[in-house]
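To start, the structure itself, in structure tokens.
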Amino acid sequence: MFRRSKSASSEDTAPVAATEGVSLGKGRPTPTRKEAEAAARARRRPPRDKREQMEMARQRRKDTNRKVREGMREGDERYLMPRDKGPVRRFTRDFVDSRFSFAEIVIPLMIISLFLPGIVLPLFVVLIVDLVVMRFRLRKQLEQRFAGQSFKGVTFYAITRSMQMKFMRLPKAQVRIGQQLPERYR
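Right, here's the structure in full:
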């Protein structure tokens, strides 16, 4: 008496799906009740013994650590260590990453210097000059962009980052060499 006829229900749904371009279905079969209940039991099942409990805890830690490492690698502020947080540090990272630094190639040159001992002193002189020039340029940019803020530890942070080879830096470099830096870092 109060049911729709089959023809009326198919007429109502077919034009709507065709006009909106929506595909019907979710792309996988609906699990049976038995399968759904078994999956729910498996999710809430407590560990049977201490070994299984430790294994579950280790798996949770492993998943969390993977998530933190990935977030840190990508530069997500939530996962960065305190030394890397904040707009001043982000600008410092980008400033160091956007310029070619002689310090990046010091380690390979140090290996070469084992065979050619006469290049060690000139290598260090060029390295020191490069780092001093970087420091003065960085300070000038910081004063322009972040006037009135504290820059405590920024020089050491920039020097240690520039001494690392680019592929080993963490958080990963977000800019390419020579790329123009944005005006605001807030």
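Per this note's numbering, the sequence shown runs over residues 213 to 398. Glycine is no exception: its CB is placed at the ideal position from the N, C-alpha and C atoms. Fair warning: this is a prediction, and the values are worked out from it, not measured in the lab.
Residue i versus the options, residue with shortest Cα-Cα distance
i	options	result
Gln386	Pro320, Ala370, Asp306, Phe379	Asp306
Met346	Gly360, Thr304, Leu321	Thr304
Arg357	Tyr397, Asp261, Ile340	Tyr397
Arg373	Pro394, Gln361, Phe314, Pro334	Phe314
Gln376	Phe363, Leu343, Arg256, Glu267	Leu343
Gly365	Arg245, Val300, Asn277	Val300
Local Cβ density within 10 Å of residue i, reported as buried at 16 or more and exposed below that
i	result
Leu354	buried
Asp309	buried
Gly390	exposed
Arg290	exposed
Ala254	exposed
Leu333	exposed
Arg240	exposed
Leu326	exposed
Leu350	buried
Boundaries of the alpha helix (DSSP H) in which residue i is found, first to last residue
i	result
Thr244	Careful: Thr244 lies outside any alpha helix (DSSP H) and carries neither H nor E.
Ile371	366–375
Ser325	318–325
Glu355	332–357
Discussion item. Count Cβ pairs between the region 276–283 and the region 331–341 that sit closer than 8 Å; are there 3 or more?
Written reply: no
Practice prompt. Starting from the N-terminal side, write out each stretch of the alpha helix (DSSP H) that is 4 residues or longer and does not extend beyond the region 273–304.
Written response: none
Worksheet item: Would the region 295–302 and the region 363–372 be scored as touching if the rule is three or more Cβ pairs under 8 Å?
Response: yes
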